[in-house]
Amino acid sequence: MLTYEQAQAKLRENGQLHLLKYYDELSELSKEKLLAQIDSVPFSFDDVGTVDDDIEPIEAVSLAEIAENRETYEKIGLEAIKRGEIGAVLLAGGQGTRLGCDTAKGLVDIGITRPLYIFECLFNNLIEVVKKAGVFIPFYIMTSVINDTQTRTFLNEKNYFGYNPEYVKFFVQSSFPATDFNGKILLKSKDSLALSPNGNGGWFESMNNAGLDKDLEENNIKWLNCFAVDNVCQRIADPVFIGAVLGGKSPDGRPFDSGAKVVRKSNPAERVGVLCKRDGKPAVAEYYELSDEQMNARRPDGTLKWDNALTLNYLFALQSLKNLRGVSLPVHKVKKKIKCLDDSGNPISPEIENGYKYEILILDMVHEMNNCLPFEVLREYEFAPIKNKEGVDSIETARELLKKNGVKL
Ligand code: UTP
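All residue numbers for the sequence shown refer to this note's numbering, where the first residue is 27 and numbers rise by one.
In C-alpha cells form, the structure reads like this:
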C-alpha cells in the first residue's frame with residue numbers, strides 16, 4: 027500500500043491533492059482505507075477522441091437464413107456446449123439509475139400474480155438450454171462493489187432458481203472514481219473517494235483479476251456468451267447463435283471470433299447503436315454518428331442498410347479476449363448526479379448532474395475483435411430490455427413480450 031508521502035506525490039502529480047484534505051482528522055483505519063483507494067484507482071481520465079466517419083454497414087445472418095440452417099447451427103452449438111466449451115457471463119454490475127430501483131436490477135420483481143424476478147427470467151432461459159444439452163453451463167456473474175453482497179445473498183436464498191450452484195461463480199467489477207466537471211475527484215466521505223462501477227467493458231479484466239482465468243482454463247472454455255441483466259426475453263447460450271458463429275466464415279474467409287445478437291431497427295431514427303465496420307474492424311456506430319443519408323439508406327429489398335441494432339448479447343472467442351490484455355480501451359465520461367461531500371465537507375445528494383462518471387464499454391471490446399457476426403433475432407421474442415420506469419423499454423413493455431413468449435406473469 028502507498029505511504030502518505032507516496033499518495034501525496036501521486037496526487038500532486040495528478041492535480042488531486044484535495045483528496046487528502048481531511049486526512050489528519052481520520053482514524054488510523056480510515057487513513058489506511060483512503061490510502062488503499064488512492065493506490066488502487068486510475069488517475070488518468072482522457073476522454074475518447076472524436077470518432078471518424080470511416081464506417082461501412084455489414085450484413086447480418088438474417089432470420090430467413092437462420093430458419094433455413096437452424097438444424098445445422100443448433101447441432102454445432104449443442105455439441106460445443108456438450109464439450110463444455112461455452113461459458114455464460116452476466117453483466118450485472120450496473121446501477122440501473124434510469125429504472126431508479128434501490129436494489130440491484132436483477133432483484134426487481136416484474137411478476138403480476140406471482141413473484142417473477144429479473145434474475146429468475148434469465149436463469150429460466152438458461153435452464154432451457156441446459157435441459158436440451160444435458161449439461162450445466164458455467165455461469166459467471168459480474169457484480170459491483172455496490173450490489174455484490176445483495177446479489178449473492180439473494181441468489182443463494184432463491185437457490186439459484188434451480189441452477190446447479192457449483193456452476194455459478196461471481197466476480198466484482200472494478201471501480202473508477204467520479205469527478206466534478208473540472209476533473210477533480212470527488213470524495214464520498216472524508217475517508218472515501220466517490221467510486222462507481224467502471225462500465226460494462228471491464229468485465230474480462232475484472233474476471234481475470236478475480237482469478238477466474240484459471241477457472242476458464244480448467245474448464246476448457248473456448249467461448250463466452252456475454253449479456254445484459256435487463257433483457258428478460260433473451261436466449262442465453264443459444265445453440266443456434268453459437269452454431270452460426272462457430273460454423274460461419276466472415277466475407278474474407280476467416281472464422282468468426284465474435285458474434286452479436288441484433289434486431290432490426292423499429293424506425294430509421296431509433297436511438298440504438300448499430301454493428302458495422304470501422305477501419306476494417308467490427309465497430310458500433312451510435313445513432314448520432316450516422317448521417318441522415320446513412321440512417322435512411324436502404325438495400326434493394328427495401329430493408330435498412332444500417333439496422334444491426336445491438337441487444338447486448340455477444341459471443342466472444344476466449345483467445346481473442348486474451349489478446350486484449352494490455353490493450354487500453356477508451357474511457358467514456360458520462361454526466362451524472364453524484365453523491366459526494368461539498369466544499370465544506372458536508373454530504374450532498376444533488377438534484378442535478380454535478381460531475382462525471384467514467385466507463386469503459388463493451389462496444390469498444392468488439393472493435394478489438396477480428397470480425398463479428400451480426401445474428402438477427404426477432405424483436406418481439408428476444409428483446410425486452412428493462413431500462414426505464416415507464417414508456418419504452420420499461421417493466422410494462424417487457425411484460426407484454428414475456429406474455430407473447432408464453433411466460434406466466
Ligand atoms: P446500462 O448501460 O443500461 O446501464 O447497462 P445500467 O447501469 O444498468 O443502467 P442506467 O444507465 O444507470 O440506467 C447495460 C448492461 O451493462 C451492465 C448493466 O448491469 C446491464 O446489464 N453494466 C453497466 C455493468 O455490468 N457494469 C457497469 O458499470 C455498467
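We treat Cβ as the ideally placed atom computed from N, Cα and C, and that holds for glycine.
Asked                                                                                                                                                 : Found
Please report the straight-line C-alpha distance between S200 and K36, rounded to a whole angstrom.                                                   : 20 Å
Using the DSSP secondary-structure output, state which residues sit across from N190 in a beta bridge.                                                : Answer is none; N190 lacks a bridge partner.
What are the boundary residues of the beta strand (DSSP E) that M395 is part of?                                                                      : Element bounds for M395: n/a, residue is neither H nor E.
Between the C-alpha atoms of G75 and F409, what's the straight-line distance to the nearest angstrom?                                                 : Only weak support is given to the placement of G75: the predicted model assigns it a pLDDT of 49, under 50, and the question is left unresolved by the model.
Give me the DSSP bridge partner(s) of P373.                                                                                                           : L367
List in chain order: all unbroken alpha helix (DSSP H) runs of 4+ residues lying wholly within the stretch 46-92.                                     : 54-66
At which residues does the alpha helix (DSSP H) containing T29 begin and terminate?                                                                   : Neither: T29 is in no alpha helix (DSSP H) and is coded neither H nor E.
What would DSSP say about D135, mapped onto helix, strand or coil?                                                                                    : strand
I think P164 touches G113, with their Cβ atoms under 8 Å apart; what is that distance to the nearest whole Å?                                         : 4 Å
Considering I144, what are the terminal residues of the alpha helix (DSSP H) in which it resides?                                                     : 144-159
Look up L181 in the DSSP assignment and say whether it is helix, strand or coil.                                                                      : helix
In or out: A295 buried (at least 16 other Cβ within 10 Å) or exposed?                                                                                 : exposed
Three-state secondary structure (DSSP) at L316?                                                                                                       : coil
Suppose you measure from the CA of M391 to the CA of L347; what does that come to, to the nearest Å?                                                  : 8 Å
Judging by CA-CA distance, which residue of K307, N208, D256 is the nearest neighbour of A130?                                                        : D256
Quick one: residues in its chain with C-beta nearer than 8 Å to the C-beta of E146, no 5 flanking neighbours on either side, listed in chain order?   : K184, F187
Whose CA, out of G371, G110, V134, Y49, lies closest to the CA of K413?                                                                               : V134
Closest to V198 by CA distance: which of D217, L117, A33 is it?                                                                                       : L117
Can you name, in chain order, every residue of its own chain whose Cβ lies under 6 Å from the Cβ of Q42, other than the five neighbours on each side? : I211
Within the continuous beta strand (DSSP E) that includes N339, where are the two ends?                                                                : 335-343
Expressed to the nearest angstrom, what Euclidean distance is found between the alpha-carbon atoms of L46 and G120?                                   : 29 Å
Based on Cα-Cα distance, which residue from L272, G274, T139, K214 lies nearest to S370?                                                              : K214
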